[in-house]
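Numbered per the working numbering, the sequence shown spans residues 2 to 296. Virtual Cβ for every residue (Gly too), placed ideally from N, Cα, C. Just so you know, these numbers come straight off a predicted model, no measurement behind them.
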Amino acid sequence: MSGREGLVFRQDYFDDAAGWAALKQLLIDIFNVDISPLDRLGGHDPTSFPSAYFDAAGRCVANLSAFSMPLVINGHPVKAAGWQSGAVRPEYRGLGLYRELIAATLAWCDNQGYEAIVLYTDKPGLYERYGFRIVPQYSFPGSPPPSLPDRQPVARDLHLENDLGLVQTVLSGRTPVSRRLAVVDQSRLFPLNCLLQESVRLSALRHDSVIVAWRRPEPGLFELLDVVGPEIPTLAEILAEIGQQPERVESCIPSDLLDWDSPAVANTGSLVFMMRAPDELLPADPSCLSPLADF
Numbered sequence: 002m003s004g005r006e007g008l009v010f011r012q013d014y015f016d017d018a019a020g021w022a023a024l025k026q027l028l029i030d031i032f033n034v035d036i037s038p039l040d041r042l043g044g045h046d047p048t049s050f051p052s053a054y055f056d057a058a059g060r061c062v063a064n065l066s067a068f069s070m071p072l073v074i075n076g077h078p079v080k081a082a083g084w085q086s087g088a089v090r091p092e093y094r095g096l097g098l099y100r101e102l103i104a105a106t107l108a109w110c111d112n113q114g115y116e117a118i119v120l121y122t123d124k125p126g127l128y129e130r131y132g133f134r135i136v137p138q139y140s141f142p143g144s145p146p147p148s149l150p151d152r153q154p155v156a157r158d159l160h161l162e163n164d165l166g167l168v169q170t171v172l173s174g175r176t177p178v179s180r181r182l183a184v185v186d187q188s189r190l191f192p193l194n195c196l197l198q199e200s201v202r203l204s205a206l207r208h209d210s211v212i213v214a215w216r217r218p219e220p221g222l223f224e225l226l227d228v229v230g231p232e233i234p235t236l237a238e239i240l241a242e243i244g245q246q247p248e249r250v251e252s253c254i255p256s257d258l259l260d261w262d263s264p265a266v267a268n269t270g271s272l273v274f275m276m277r278a279p280d281e282l283l284p285a286d287p288s289c290l291s292p293l294a295d296f
């Protein structure tokens, strides 16, 4: 392909079945990620605003999507947008298509009054020229808190397909899991990531008002992925009510609301978290977003 002849620029096209199918195929072809489970989990995020190029055959050849992702940062609510599904087919790279999609998406975000934009990428240099900065992400490993011998295991296991209604109800009334950095609403991302990520277990606590996402990736290790509910139980309460007595704990959410002290260990994965925001909106303390908020 020597040029962009025959390409059609489209925006806000997710309600078109053919366009939505073409975007899903693009993500499979480029990232080997299938977001089809969204179709049985309530559909695409209605706040999404995609910008894309399509070829004459109806293939999506380049895309970048923004969506509303309200956050709490440093204890304050922030009107934020997330960027996702940024991809260009190999034969269309080098034509400036992605630069144009970034410009169009930035203009939309500015018109919507977003205070911050966040994204994950393995190519941070691509976004630094647009004002994005890397925000280090951390995990929080340590020894478990003292056990609560007076607490009995009362949690029940949930199965996402069977308990989707309950999960969505609890998500709709969640409180941020941290004051440092946390999502306020992730009603689409949480269930999708539960399906896409391996070995996630969901436990309902406190008469089904709180849902804890966790896993045991290796013997003796309890990995806390997320806590959803109107309040955040302490880590000791979570372990007691689920009935876990691990040798080690690793929290993938900041520990400030868990009543548990742990060191912050910088993540060293291939993807980095970036923000486009004023200095005062950057997290002041070691933080991270839950893996179930990945986008």
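The beta carbon of Lys25 sits closer than 8 Å to the beta carbons of Asp35, Ile36, Ser37 from its chain, once the five residues preceding and following it are set aside; these are given in chain order. In the structure shown, Val171 falls within a helical segment according to DSSP collapsed to helix, strand and coil. The stretch 40-79 is shown to contain whole beta strand (DSSP E) runs of 3 or more residues at 50-55, 61-69, 72-74, 77-79, in chain order. Asp257 sits in coil when the DSSP states are folded into three classes, being neither helix nor strand.
The beta carbons of Phe15 and Gln138 sit no closer together than 9 Å. Fewer than three beta-carbon pairs drawn from the stretch 18-33 and the stretch 131-147 are found closer than 8 Å, and the two stretches are therefore not classed as touching.
Contact between the stretch 183-199 and the stretch 66-86 is present: three or more C-beta pairs spanning the two stretches fall below 8 Å. Taking the CA atoms as reference points, Gly244 sits about 10 Å from Arg157.
The DSSP-derived three-state label of Gln26 is helix.
In this chain, Asp17 is not harboured by any alpha helix (DSSP H), its DSSP state being neither H nor E. In the DSSP secondary-structure assignment, Ala88 is bridged to Asn64. The three-state reading of DSSP puts Ser144 in coil, since its state is none of H, G, I, E or B.
Pairwise C-beta distances place the stretch 203-211 out of contact with the stretch 53-71, as fewer than three of them are shorter than 8 Å.
For the set Ala117, Leu127, Pro218, the Cα lying nearest the Cα of Arg100 is the one of Leu127. Annotated as proximal: Leu293 and Phe191, with beta-carbon spacing under 9 Å. As DSSP reads the structure, Asp227 sits in a beta bridge with Ala214.
Within the same chain, and ignoring the five residues on either side of Gly114 in sequence, the residues whose Cβ sits closer than 7 Å to its Cβ are Lys80.
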